[in-house]
Amino acid sequence: MWDTTTRIPFDAALLTERGGAAARAELLRLITSRPGIAMDELHGMRLPGLFAGLRALHSAGLIRTDTTPPRFFERGTRVFPAEGGAAGA
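The sequence shown begins at 7 in this note's numbering and counts up one residue at a time.
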């Protein structure tokens, strides 16, 4: 059972949907323009392939989070460009 006060409610489409290279580039532009954006806010935007894009960008070393390991399902997690932003990173 999901703790919905902490975690984003499960939506299978968000986990399996793929957005492609253009969607990942747009996601990276968004994160770069708003360093420290919260996962809850990103989720609310209903971006295509959000979780797949985040995983790909993180694997490529282009983004980081304020949690280790990254918890893209946690509302409080904040996402930063790899080269700047969060305290303690």
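For every residue, glycine included, the Cβ atom is placed at its ideal position computed from N, Cα and C.
Treat the numbers as computed from the prediction; the structure is a model and nothing was measured.
- About 5 Å separates the beta carbons of A58 and R24, which is inside the 8 Å limit, making them a contact pair.
- Beta bridge pairing from DSSP links E80 with R13.
- By the Cβ-count criterion, T11 is exposed, with fewer than 16 other Cβ atoms from all chains shown falling within 10 Å of its own Cβ.
- D17 and E89 have their C-alpha atoms roughly 31 Å apart.
- Taking 8 Å as the cut-off, the beta carbon of F86 is found closer than this to the beta carbon of G42.
- Fully enclosed alpha helix (DSSP H) runs of no fewer than 4 residues occupy 45–50 and 56–65 of the segment 39–75, in order along the chain.
- Your pair E80 and T74 does not check out as a contact, with CB atoms roughly 12 Å apart and the cut at 8 Å.
- Around the beta carbon of M45, 16 or more other beta carbons lie within 10 angstroms, which makes this residue buried.
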